[in-house]
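These notes are about the structure you will find just below.
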Amino acid sequence: MRFEFTPEEARPVAGAVAQHFRQRKMAIQLERPAWPNAPCRTTLLATKANLKILVEAQGTLSYDGALKELATWLSARRLYCEFFLATTSEALSKVGLLEEMKLDGVGLLVINDHRRIYESIHARNPALVITPEPSLKLGPCRAEVGAAVEKFNLINRKDGLRDMCEMVERETDVLALKAARSGWLTASPTAVEKMDWSTKINALASNNSYAPPHVPVVGHVLKDDLHSFRNARNLVDHKVKGKRDDMRRQMQFAERMMQGPRLIAELLSCKRKIK
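Positions 29 to 303 (this note's numbering) are the ones given, in order, by the sequence shown.
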């Protein structure tokens, strides 16, 4: 491998990492920017399907200046990629530096004495990190929504999305029961409790379900959005057929997860209309 900009002490690390990604059937480019307008190039750029993995190989672990700027640039654009620093186990630095990398979503690959590579810190993919609108009125659900978002971003996307689905369904249940108990719906609370999620959504949006003079609190747009979100549960159990299929599913996870807090805010707003 021929390097032009990579320091001598980092080249053995770069070689080991390149071999690691080639074994994963990824194409490798040396010292090339991942995007034409990226603030800096990294030692290695590994690609497969639409995923780009950026790796900066180092003899001594360092994370500041251009590298921090690159991490911020990737996150701001929500690009479908992962960014790692790579070094040897002997070169690991202070705990504070590692914590800063974690906060910025930068991963760490470590090469041990046997030239085996392990992922010490997992890199966050900016395209799959979601941030709900801070202006959403989530009321008593705010902490629970925040916990689900944190789980999605940092721990397990499937579990985070599953929690969000359960919250949206629960708030639909609460709204439908309040409408029934307040005499807005013609159906009794017992009848509403027996309805599945889809039927409750349809009832809340149908003129035929309401006792005069009440009108639907759920509009057609919210109805369609709730039905669309309801299908998010199928994503969790969907079996992927390859890297591209997995990428599409992961992007759909993020889209649905972004939708969840907004739907909860709208359902809470509907509930406030029922006196």
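The C-beta atom is built at its ideal place from N, Cα and C for all residues, glycine as well.
Here the structure is a predicted model, which means the values were calculated and not measured.
For serine 148, the enclosing beta strand (DSSP E) has its first and last residue at 145 to 149. Rounded to the nearest whole angstrom, the C-alpha separation of asparagine 230 and tryptophan 101 is 43 Å.
Residue range 55 to 58 is occupied by the beta strand (DSSP E) that includes leucine 58. A contact between stretches requires three or more CB pairs, one per stretch, nearer than 8 Å, and the region 252 to 264 fails this requirement with the region 127 to 146. Boundaries of the alpha helix (DSSP H) harbouring glutamate 283: 271 to 301, taken from the DSSP string. In the three-state reduction of the DSSP assignment, cysteine 109 falls in the strand class, which pools E and B. The residues Ala94, Glu97, Leu98 and Trp101, in chain order, have a CB closer than 7 Å to that of proline 67 in the same chain once the five nearest residues on each side in sequence are set aside. Between glutamine 86 and valine 41, the C-beta gap is smaller than 8 Å, which places the two residues in contact. Runs of alpha helix (DSSP H) with 4 or more residues, each lying fully within the region 180 to 250, are found at 185 to 209, 217 to 222 and 225 to 233, listed in chain order.
Scanning the region 59 to 108 from its first residue to its last, the whole alpha helix (DSSP H) runs of 4-plus residues come out as 93 to 105. Residue Thr116 holds the alpha-carbon nearest to the alpha-carbon of glutamate 84 among Thr116, Glu194 and Ala208. By the beta-carbon neighbour count (other beta carbons within 10 angstroms, threshold 16), glycine 188 is buried.
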